[in-house]
């Protein structure tokens, strides 16, 4: 029995179906699967088993006869390499702070012999499975489910230089790849990620590079500066050395004096030469300025003269055109007159006359309307005035009657007072006029010292006349009594009689008698009912 | 202090103190303190020498204080607007006595009195000053009442009497639509753009207003507002008002050294207290203050420290005021007051004219108030004159 070791037809393959011709033959064959391979036996489309590092016999006449007797039997063997293989893939992802990071992920895989069906699923329809196919199957998962999900959780600055975080991300990537690979029938042995530089890191590197270059240039500058300083110091030393040497060459004081004079002359010459040079430069500058000014002025005058010439030319052209227009207008008017048409001024005059005529007619009509309306309004007002006058006439009649009654009353009063003295009349009038009352009060004060008793009567009259609180009837009676009393006394005095007339009360007669108050002892008028000092009653 | 019976008697006696016509005649004699005809005390105005008036039962001199308030325009308004009431305040005093406006207040709808700022203070006799009272926005139609109060003062030398007067204005508030506007515009097509005159008379139909509006001004009756005087502190002190006709009784004085019991009836309404003889004894004073020694005899040296006119006592503005006229000053309630001071005396006050010790001579004041009104005051000399200590 021949022993045949199964092997893959190409090192680039990961799995391959054993060719059918290798499985058929007259003699039974013993097929050996290497220990790092698995042979998956499929009989009649069903998976029989997966043999890792095993050998089995197949084919031969007996098997051919039995298949002929018991029916057709189809056997296929899928040989898969169980050695770990590595794949590399570049990736790009965006960090949490929107910085693109890139890297290369290298992961080591192995086909899982425990999942032969998955291995079969990976094999392409042509019966082979390559690493590139595995990578192609992985790639979308890597970019979408692994790197985008893991790197999107961190910021770029956190990622850069943070080894711990990178290890954690590597672990996350490995866990995600294991999850994806496990579904495909692959075992993940290891995953390593090489992080490429991000833009920020590249910028940082560039900045660092620039800093280094700048430091280097600064270093060069310092070195050059120091070299210059050293050179300057060396020159000073050299000059001094020359001076000293020249001094040493002088042998006598005369030579020293001559040398000093020579140096002074040289100095003065140099200074004068510099002054002359400056003066010459100033003169040159002035000449140049004057030249430019004259040139500019000449150009301006030239331009103005040119403009005046142009203006004169344009003026002549304008006059010529205006003459032509006038001529054309006159020709046009002559032609219009020949045709018998109205001129514009005539049309305007006729239109104005028509408007005036319309306006005049409208004014006449409006004036007539206004006159008619005003007449109607005057008529209405006249009716109103008549009504008001009728009402006022009644009021006036009542006023006249009232005034007449008051005049009658006043006349009757004057008739009653016809026989009274002027003081009595004034006293009565005091009831109507406060001013008169004050006059009488003054008179009463003035007469109080001389004619006490006479003026007492007057005071009483004045006060009774001027007091508003006395009722009119009482006041009238009192006035009448006092008036009659005074009139009788005046008549009595005129008649030369020494006694009081009949009918005059004793209370109103003047008397010089006094009484003493029994309470306070004050002297009071004999007619006083109460003491003016204490208010005590003197008589009933 | 007075007993109840005495108080009742004094109150009855002070009732009939209204000046009558005979009182005016009797008052012409400046020596008279009572009317010889009716016995009424003659309560002269402080400015009697100018006005010659007697005060009435409320202490008002009708000659000096004769204000007149006039509403110079209509009293109708419409709902929704406030109204300005143009008023004219006149001083109708017959003599040349000015009035001084101490304050003005308005009140609407039973609210509190609101002070009103007036632009004038002095109102000369015969003069009238217009001012305006603005109402709140009138919210309802009907009759709206506005009350106006005025505090008017009359002054005579250092004395000032303030009286409050109040009046009311009723405003008829109508619902509106009273005035109608009528305008007829005559315009026809022929007048279009021809420059013709348009006849458009405007008429305001206000007949109803003319019928109801009073012609000319309306006098507003000013009534005395004694409650407002007490509330605003214009008269009296701490709610107690001393009436002008309050009877003064003098205790502890020798005969002839103090006036008889009764109100102040002097010509200027004040009593003179001092060392000078009283009028009864032929002098010019009213109350004689002399110091007696411990043996009851006259202490001439101590008495010389009392001026002839040391005090003047008056009832002014509802208060009992003591005017210290002496340059030596006086002791009032244990405090020395300089000359020229005016001090209000209260129930229980004690004053002395002596410069050092009050013990030889002092006067005690006491009264009894009834319903916030004082009508009798007692002044007691301590120690009693004519007795030995």
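Residue numbers (our numbering), protein chains in the order written: chain L, 1 to 540; chain E, 541 to 929. Where a beta carbon is used, it is the ideal one built from N, C-alpha and C, also for glycine. It should be emphasised that the depicted structure is a prediction, and the values quoted were computed from it without experimental measurement.
Give a yes or no on whether 7 Å exceeds the smallest Cβ distance from residue i to chain E.
i: residue 515 (chain L); result: no
i: residue 532 (chain L); result: yes
i: residue 528 (chain L); result: yes
i: residue 535 (chain L); result: yes
Apart from the five residues just before and just after residue i, which ones in its own chain have a Cβ nearer than 6 Å to its Cβ?
i: residue 491 (chain L); result: Its pLDDT being 43, under 50, residue 491 (chain L) is placed unreliably by the model, and the measurement read from it follows with that caveat. Closer than 6 Å at the Cβ level, and outside the excluded window around residue 491 (chain L), lies no residue.
i: residue 708 (chain E); result: 685 and 687
i: residue 141 (chain L); result: 180
i: residue 648 (chain E); result: 676 and 686
i: residue 917 (chain E); result: 786, 788 and 907
For residue i, I'd like the list of residues in its chain whose CB is within less than 7 Å of its CB, leaving aside the five on either flank, ordered along the chain.
i: residue 784 (chain E); result: 583, 595, 599 and 855
i: residue 530 (chain L); result: 536, 537 and 538
i: residue 116 (chain L); result: 40, 47 and 50
Please classify residue i: does DSSP put it in a helix, a strand, or coil?
i: residue 518 (chain L); result: coil
i: residue 75 (chain L); result: strand
i: residue 369 (chain L); result: helix
i: residue 909 (chain E); result: strand
i: residue 20 (chain L); result: helix
i: residue 581 (chain E); result: strand
i: residue 869 (chain E); result: coil
i: residue 448 (chain L); result: Bear in mind that the predicted position of residue 448 (chain L) carries a pLDDT of just 46, short of 50, making it too unreliable to give a figure here.
i: residue 4 (chain L); result: strand
i: residue 670 (chain E); result: strand
i: residue 391 (chain L); result: helix
i: residue 561 (chain E); result: helix
i: residue 576 (chain E); result: coil
i: residue 52 (chain L); result: strand
The alpha helix (DSSP H) that contains residue i, what's its start and end?
i: residue 150 (chain L); result: 148 to 151
i: residue 320 (chain L); result: 253 to 339
i: residue 519 (chain E); result: Shown here, chain E extends from 541 to 929; a query on residue 519 (chain E) therefore has no answer.
i: residue 168 (chain L); result: 163 to 184
i: residue 58 (chain L); result: Element bounds for residue 58 (chain L): not the alpha helix (DSSP H) but the beta strand (DSSP E), 55 to 58.
i: residue 836 (chain E); result: Here residue 836 (chain E) belongs to no alpha helix (DSSP H), and DSSP marks it neither H nor E.
i: residue 588 (chain L); result: One cannot answer for residue 588 (chain L) here, as it falls past the ends of chain L, which runs 1 to 540.
i: residue 100 (chain L); result: Segment 100 to 111 is the beta strand (DSSP E) holding residue 100 (chain L); no alpha helix (DSSP H) there.
Cβ of residue i less than 7 Å from any chain L Cβ?
i: residue 800 (chain E); result: yes
i: residue 660 (chain E); result: no
i: residue 577 (chain E); result: yes
i: residue 633 (chain E); result: no
i: residue 572 (chain E); result: yes
i: residue 810 (chain E); result: no
Take residue i as the anchor and find which of the options has the nearest alpha-carbon.
i: residue 163 (chain L); options: L:279, L:104 and L:194; result: L:194
i: residue 139 (chain L); options: L:92, L:296 and L:99; result: L:92
i: residue 824 (chain E); options: E:831, E:841, E:797 and E:843; result: E:797
i: residue 669 (chain E); options: E:610, E:890, E:642 and E:826; result: E:610
i: residue 99 (chain L); options: L:148, L:285 and L:291; result: L:148
i: residue 819 (chain E); options: L:89, L:22 and L:534; result: L:534
i: residue 923 (chain E); options: E:781, E:791 and E:772; result: E:791
i: residue 851 (chain E); options: E:816, E:575 and E:773; result: E:816
i: residue 826 (chain E); options: E:714, E:895 and E:806; result: E:806
i: residue 590 (chain E); options: E:859, E:896, E:661 and E:808; result: E:808
At which residues does the beta strand (DSSP E) containing residue i begin and terminate?
i: residue 141 (chain L); result: Run containing residue 141 (chain L): none in the beta strand (DSSP E); it sits in the alpha helix (DSSP H), 131 to 141.
i: residue 695 (chain E); result: 682 to 696
i: residue 37 (chain L); result: 37 to 43
i: residue 843 (chain E); result: First-last for residue 843 (chain E): 840 to 844, but that is the alpha helix (DSSP H), not the beta strand (DSSP E).
i: residue 766 (chain E); result: Careful: residue 766 (chain E) lies outside any beta strand (DSSP E), inside the alpha helix (DSSP H) at 766 to 772.
i: residue 90 (chain L); result: 85 to 94
i: residue 863 (chain E); result: 859 to 864
i: residue 626 (chain E); result: 624 to 631
Going by beta carbon distance, what residues of the same chain come within less than 8 Å of residue i, once the five residues before and after it are set aside?
i: residue 606 (chain E); result: 631, 632, 633 and 634
i: residue 875 (chain E); result: none
i: residue 339 (chain L); result: none
i: residue 579 (chain E); result: none
i: residue 104 (chain L); result: 88, 89, 90, 91, 193, 194 and 196
Anything in chain C within Cβ reach of residue i, meaning under 9 Å, just list it in chain order.
i: residue 525 (chain L); result: Looking for chain C here will not work: the only protein chains present are L and E.
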